Amino acid sequence: MASVASIYARAFADVVLSDHLAPDRSLAELRAIASLLAESSELRRVWENPAIPAEQKRSLLDVIAQRDEIPKQVRNLVAILIDHRRIHFLEPIIRQVEKELDARLGFAEAEITSAQAKLLPATNRINNVLLPCSWNRQTDAIAVSQEAAVSAPPSSTSA
């Protein structure tokens with residue numbers, strides 16, 4: 008399945024870039040057709056049924072493409088998948104097209120992790136202790152209010 012998806016994805020990425028189509032819009036149009044196919048068991052049965060002539064399947068596709076203003080390049084990919092009885096590969100092809108276009112356009116997927124969210128509880132505990140404190144510049148001493156002394160965690164000093 009991966010090789011089938013890759014072949015169609017590379018070919019469609021070639022078309023998107025050579026025809027100067029908007030990659031995001033092309034992917035959105037493909038996803039819309041995939042969504043329609045997933046939601047309509049009747050449409051899926053028609054497009055996957057080998058007993059129904061390809062011309063009738065394409066006519067149905069043309070009605071959908073015209074109604075939803077789907078670009079001819081997207082319509083042609085779906086027509087090829089229908090004609091070659093590979094419409095059931097549409098979802099993996101879309102995922103592969105996205106990867107292919109990202110690679111060609113120099114985009115990389117990244118997962119960003121921030122330590123700040125993990126430090127937030129510790130920061131709050133420190134602030135709860137330090138905010139009620141005051142510093143005297145003349146004596147270079149910290150004065151702790153009664154509330155801070157009560158809410159402060161016990162210190163761990165070893166003798």
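Its first residue numbered 8, the sequence shown is counted upward by one per residue in my numbering. No residue lacks a Cβ here, since even glycine has one placed at the ideal position from N, Cα and C. Keep in mind the model is a prediction, meaning the values are calculated, not measured.
Can you tell me the Cα-Cα spacing of residue i and residue j, whole angstroms?
| i | j | result |
| --- | --- | --- |
| ILE89 | GLU118 | 36 Å |
| ARG65 | THR120 | 47 Å |
| LEU108 | SER47 | 28 Å |
| GLU98 | ILE59 | 22 Å |
| ASP26 | SER33 | 11 Å |
| LEU44 | ARG38 | 10 Å |
| ALA12 | ARG92 | 13 Å |
| GLU116 | HIS95 | 26 Å |
| GLU36 | GLU55 | 20 Å |
| PRO78 | PRO57 | 26 Å |
Around the Cβ of residue i, are there at least 16 other Cβ atoms within 10 angstroms (buried) or fewer (exposed)?
| i | result |
| --- | --- |
| PHE19 | buried |
| ALA29 | exposed |
| GLU62 | exposed |
| GLU105 | buried |
Could you check where the alpha helix (DSSP H) with residue i kicks off and where it finishes?
| i | result |
| --- | --- |
| ALA115 | That residue, ALA115, is in no alpha helix (DSSP H); it is neither H nor E in DSSP. |
| ARG93 | Taken as a continuous stretch (DSSP letters only), ARG93 belongs to no alpha helix (DSSP H), as it is neither H nor E. |
| SER48 | 48-55 |
| ASP69 | 61-74 |
Taking the alpha-carbon of residue i as reference, which of the options has the nearest alpha-carbon?
| i | options | result |
| --- | --- | --- |
| ARG111 | GLU49, ALA16, ILE40 and ALA12 | ALA16 |
| ALA72 | ASP31, ALA35, ILE40 and ARG32 | ILE40 |
| VAL70 | LEU50, PRO57, ASN56 and GLU55 | LEU50 |
| ILE14 | ARG102, ASN56, GLU116 and GLU36 | ARG102 |
| SER42 | ASP75, SER10 and PRO57 | ASP75 |
| PHE114 | GLN80, ASP31 and ALA12 | ASP31 |
Taking 7 Å as the cut-off, is the C-beta of residue i nearer than that to any heavy atom in the ligand NAP?
| i | result |
| --- | --- |
| HIS27 | Of ligands this structure carries none, so the ligand NAP is not represented either. |
Using 8 Å as the cut-off, can you tell me whether the segment 14-33 makes contact with the segment 73-85, which would need three or more C-beta pairs spanning the two stretches below that distance? yes
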